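Protein chains: 2
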Amino acid sequence: MNLILIEPHELAGDLATLRDRRATHIRQVLRGQPGATVRVGLLDGPRGVATITALDDELIELRCAWEQESPPAPRVDLLLALPRPKVMRRLWAQLAALGTGRLALTNAAKVERNYFDTHVLEEATYRPLLLEGLQQAQDTRLPLVSIHRQLKPLVEDRLDELFPHTLRLLADPAARETMHDRIPAGFAGRLLLAVGPEGGWTAFEHDLFARQGFVGIGLGPRTLRTDTACVALLATAHAALANV
Amino acid sequence: MNLILIEPHELAGDLATLRDRRATHIRQVLRGQPGATVRVGLLDGPRGVATITALDDELIELRCAWEQESPPAPRVDLLLALPRPKVMRRLWAQLAALGTGRLALTNAAKVERNYFDTHVLEEATYRPLLLEGLQQAQDTRLPLVSIHRQLKPLVEDRLDELFPHTLRLLADPAARETMHDRIPAGFAGRLLLAVGPEGGWTAFEHDLFARQGFVGIGLGPRTLRTDTACVALLATAHAALANV
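Each protein sequence line maps, in turn, to chains A and B.
Be aware that the first sequence starts at 1, since it is given in the numbering used here, and climbs by one per residue.
Be aware that the second sequence starts at 1, since it is given in the numbering used here, and climbs by one per residue.
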């Protein structure tokens, strides 16, 4: 936890009272004492600094001073064919830490149906993992998550609403163009990255994406596991956006 | 397994006999039959195509036809402060899949000593994981691994031998320059990336690296977990090398 995230409903004026893992972290890892300060963030709001005003074995009270500006939302969104539950569990925190504006998890021909029947997709499971990633990365912007059991209506009907004004990129092992090739000089907009299942998209699915303006990007000659590929793509995307 | 890796000692002329997980994979996942072909790679040698010449419940015999050229060694090396065993276990296959020429694992002030007393650092444990990563990525180049219990002699005395002629980059949350900024246009050489422990390098360690010509690179404002940071840095490095 490089930042203690506080939710708006936990604030009373500029005071927050913590009793959970965050309090334990301040007590045991940061070795906080009354009067000391810790870095805080307001969920979907600004970062700031908080002074410990009370601390005992049960609770910690913080007086927060917020910065003027909230951090900008990450400029990369992800449309991801749902991976195996074990892989998805590992991904939540990493996607939040790397910076994902919106995440749409979707079915595809090569996604197994039973992947959807898992508590890894329940908000009660994934929200704490997303918060963990944000606290690691010192961000406050909770990725927006939606889950789609049908790919076709998602790609044909809902992209403009969910991902307005994005440059649409399809990760494609067969593509020769790189992220760098596809992002125009001076590009100041947002990216939508579509990442397929382990077995890849079918020809039908490729067409579906192509008709909605997606262009392919490769990641070199290496075939990566979904979780490695997601981290690699997000990192490369953010690096490319920072350097155009 | 997107490629079946065969070790030189397993070859008799152009024939290889497999009895282990690779045979199971060919039988059960690829549903190989006599006469069918599978993609193969010779460890640290060329890739190729193999024809199944015999197959039963116990073994599979392959007749291999190798390409002329071996894939080039990855152009990125890694000097990594040893992470927690659990994290290191997850990293092996990913580092091999992303492309790591040489990996030096090292102690540092903020590495816990007992991290070295783990079977995750035994070759019998990590070699199969590296092979798994290579087979995923269709590479044949096994990363060279060395383990160093003292940082100072490694950085002061052994870098030229272990990592000759590399551009030396230190991942540093405080650095403003990006990978892209640090790689000269037209650069055709190799990179050495130094990645610190969760708590970062100490000021003494920073000086040690600076005196050996390392320059800092940031990864933006986000602090990442070691495993995420390694994947992100390797991906960004390979993307930057492909685009200079």
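Think of the CB as a built atom: it goes at the ideal place given N, C-alpha and C, for glycine as much as any other residue.
In this text, all values refer to a predicted model and were calculated from it rather than measured experimentally.
- Distance from the CA atom of Gln68 (chain A) to the CA atom of Ala194 (chain B), rounded to whole angstroms, is 35 Å.
- The residue among A:Gln94, A:Leu62, A:Gln138 with its C-alpha nearest the C-alpha of Leu130 (chain A) is A:Gln94.
- Secondary structure of Ile183 (chain B) (DSSP, three-state): coil.
- Interface criterion not met: the Cβ of Arg39 (chain B) is under 8 Å from no Cβ in chain A.
- The beta carbon of Leu224 (chain B) is closer than 8 Å to those of Ala232 in its chain, skipping five residues each way along the sequence.
- Residue range 85 to 98 is occupied by the alpha helix (DSSP H) that includes Val87 (chain B), with no beta strand (DSSP E) assigned at that position.
- Straight-line spacing of the CA atoms in His148 (chain B) and His206 (chain B) works out to 18 Å.
- Below the 7 Å Cβ cutoff, chain A contributes Arg222, Thr223, Leu224 as neighbours of Ala137 (chain B), in chain order.
- In this structure, the straight-line span from the alpha carbon of Ala137 (chain B) to that of Ala124 (chain B) is close to 21 Å.
- A contact is defined here as three or more CB-CB pairs under 8 Å, and the segment 47 to 60 of chain A meets this definition with respect to the segment 31 to 39 of chain A.
- A Cβ-Cβ separation of about 16 Å leaves Tyr115 (chain A) out of contact with Leu154 (chain A) under the 8 Å criterion.
- At a cut-off of 8 Å between beta carbons, His25 (chain A) makes no contact with chain B.
- Under the DSSP definition of a beta bridge, Cys64 (chain A) partners with A:Ala50.
- Per DSSP, His238 (chain B) is one residue of the alpha helix (DSSP H) stretching across 226 to 243.
- Among the residues facing chain A, Gly186 (chain B) is not included, as its CB has no counterpart in that chain under 8 Å away.
- One thing to note: Val76 (chain A) has its Cβ within 8 Å of the Cβ of Leu191 (chain A).
- Scanning the segment 96 to 139 of chain A from its first residue to its last, the whole beta strand (DSSP E) runs of 3-plus residues come out as 102 to 106.
- Gly218 (chain B) places its beta carbon 8 Å or farther from that of Ala188 (chain B).
- Its chain contains Thr202 as the residues whose beta carbon lies nearer than 6 Å to that of Ala109 (chain B), once the 5 sequence neighbours on both sides are disregarded; these appear in chain order.
- In the DSSP assignment, Leu191 (chain B) forms a beta bridge with B:Val76, B:Leu167.
- Here Thr24 (chain A) carries a helix assignment [DSSP, helix/strand/coil].
- Residues of the segment 82 to 106 of chain A that bring their beta carbon within less than 9 Å of a beta carbon in chain B comprise Arg90, Ala93, Gln94, Ala97, Leu98, Gly99, in sequence order.
- Residue environment analysis places Val120 (chain A) among the buried positions, since at least 16 neighbouring C-beta atoms fall within 10 angstroms of its C-beta.
- For Thr51 (chain A), no chain B residue has a Cβ inside 7 Å of its Cβ, as the nearest lies near 22 Å away.
- For Arg39 (chain A), there is no enclosing alpha helix (DSSP H); the enclosing beta strand (DSSP E) has its first and last residue at 37 to 42.
- Taking a Cβ-Cβ cut-off of 8 Å, the neighbours of Val231 (chain B) in chain A comprise Thr228, Val231, Ala232, Ala235, given in sequence order.
- Secondary structure note for Leu162 (chain A): its alpha helix (DSSP H) is the uninterrupted segment 159 to 162.
- At the C-beta level, Arg127 (chain A) and Asp227 (chain A) stay beyond 8 Å of one another.
- Residues of the segment 159 to 179 of chain B that bring their beta carbon within less than 9 Å of a beta carbon in chain A comprise Thr178, Met179, in sequence order.
- Using beta-carbon distances, Asn2 (chain B) counts as an interface residue toward chain A, with a partner under 8 Å.
- Ala239 (chain B) has a beta carbon lying within less than 8 Å of a beta carbon in chain A.
- Less than 8 Å separates the beta-carbon of Ile60 (chain A) from that of Ile26 (chain A).
- Using a Cβ-Cβ cut-off of 8 Å, Asn114 (chain B) does not count as an interface residue toward chain A, since no Cβ of chain A sits closer than that to its own.
- Proximity to Leu151 (chain B) across B:Ala235, B:Asp139, B:Val87, B:Gln212 peaks at B:Gln212, based on C-alpha coordinates.
- For Ala242 (chain B), the C-beta contacts it makes with chain A under 9 Å involve Thr178, His180, Gly220, in order along the chain.
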